[in-house]
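One rule links them: number in the working numbering = place in the sequence shown (from 1) + 1427.
Note that CB positions come from ideal geometry on N, CA and C, so glycine has one too.
First the structure, in the form of structure tokens, and then the observations on it.
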Amino acid sequence: MNNALGLVETKGLVGAIEAADAMVKSANVQLIGYEKIGSGLITV
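Below, the structure written as structure tokens:
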């Protein structure tokens, strides 16, 4: 099985949670973590 890395950058925590929820529900995805970048930006 091949591995891939996907990143989503959002403005605000709610958008990050919604994006992570959609990713986990739609495919065989493992959520590894998130990082607060600053100015309200979050990378999932």
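Classified as buried, V1471 has 16 or more neighbouring CB atoms from the shown chains inside 10 Å of its CB. I1459 sits in coil when the DSSP states are folded into three classes, being neither helix nor strand.
Counting every other CB atom within 10 Å of its CB across the protein chains shown gives I1459 a total below 16, marking it as exposed. Residue pairing from DSSP places K1438 in a beta bridge opposite L1468. The beta carbon of Q1457 is closer than 7 Å to none in its chain, skipping five residues each way along the sequence.
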